[in-house]
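Q: Under the UniProt record's numbering, the first residue of the sequence shown is numbered 1, with each subsequent residue one higher.
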Amino acid sequence: MEVTVFTPALEGIKLVKSEQGEILTQPFLDACKHILPVIDKFGAAMALVKSDIGGNISRLESKYSSNPTKFNYLYSLVQVEVETKTAKSSSSCTNGLLWLTRAMDFLVALFQNLIEHADWSMSQACTDSYNKTLKKWHGWLASSSFSVMFSMLSSIMFFWYSKCFCDIVND
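1. Is C32 near L98, with beta carbons less than 8 Å apart?
2. Just the C-alpha distance for D30 and G12, rounded to the nearest angstrom, thanks.
3. Decide yes or no for the touch test of the region 59-79 against the region 17-25: beta carbon pairs closer than 8 Å, at least 3 of them.
4. In this structure, what does DSSP give as the bridge partners for K17?
5. Going by alpha carbons, who is nearest to V38 out of N113, N131 and L107?
6. Looking at L110: is its Cβ nearer than 8 Å to the Cβ of S123?
7. For A103 and A47, I'd like the C-alpha separation in whole angstroms.
8. The alpha helix (DSSP H) with M104 in it runs from where to where?
9. Determine the extent of the alpha helix (DSSP H) in which V78 is found, giving its start and end residues.
10. Mind checking N170: buried by the 16 CB within 10 Å criterion, or exposed?
11. Taking 8 Å as the limit between beta carbons, can you name the residues of its chain near V16, skipping five residues before and five after?
12. Would you check if the distance between the CB atom of N67 and the CB atom of G96 is smaller than 8 Å?
13. Helix, strand or coil for F42, going by three-state DSSP, please let me know.
14. Below 7 Å CB to CB, which residues in the same chain sit around G54 once its five sequence neighbours on both sides are set aside?
15. Looking at the secondary structure, which residues open and close the alpha helix (DSSP H) in which N56 lies?
Right, dumping it as structure tokens:
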């Protein structure tokens with residue numbers, strides 16, 4: 001397989017589940033961290049997304065590091081917060097995990113759009129992905145911020161990414 005910016009994340013995702021099928025905390029977070037350099041390729045326009053993902057990874061890593069044995073599985077992070085009635089707090093790991101997975105859903109949808117819609121502009125690919133994944137969870141201010149961010153993405157990047165993604169799919 002050809003090595004691309006996605007190779008570390010694709011290799012890392014293979015290590016996320018235990019033999020019992022449970023999601024392992026550190027390998028999951030490592031796989032998510034491997035996406036950050038990919039987001040860097042989009043430039044300053046995606047800094048908000050990268051910052052949000054990085055912050056949520058840090059929050060979850062901090063909790064995991066406090067007791068790696070206890071928090072070996074992602075479920076245990078959530079379970080403890082549900083039991084202590086702190087899961088709904090905006091600073092909870094449960095909330096961080098929720099937004100981390102939503103951001104990953106957005107990125108997967110974006111990457112799919114880049115592969116499947118070579119005729120779309122970068123802004124159109126981002127907007128469609130956002131509308132399918134994150135928009136329902138955001139208020140007016142966040143939606144407006146994302147609209148501005150998407151308008152900053154250049155068409156040149158779209159062509160670079162669509163070629164990169166097509167090479168991955170064809171391998």
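All residues carry an ideal CB built from backbone N, CA and C; glycine is no exception.
A: Inspection of the coordinates gives the following:
1. no
2. 7 Å
3. yes
4. I23
5. With distances taken between Cα atoms, V38 lies closest to L107.
6. no
7. Computed Cα separation, rounded: 13 Å.
8. C93 to E116
9. L74 to E83
10. Because the pLDDT of N170 is 43, which lies under 50, any placement of that residue in the model is unreliable, and the number read from its coordinates should be weighed accordingly. N170 should be labelled exposed.
11. I23, L24, P27, F28 and A31
12. no
13. coil
14. L36
15. A47 to S66
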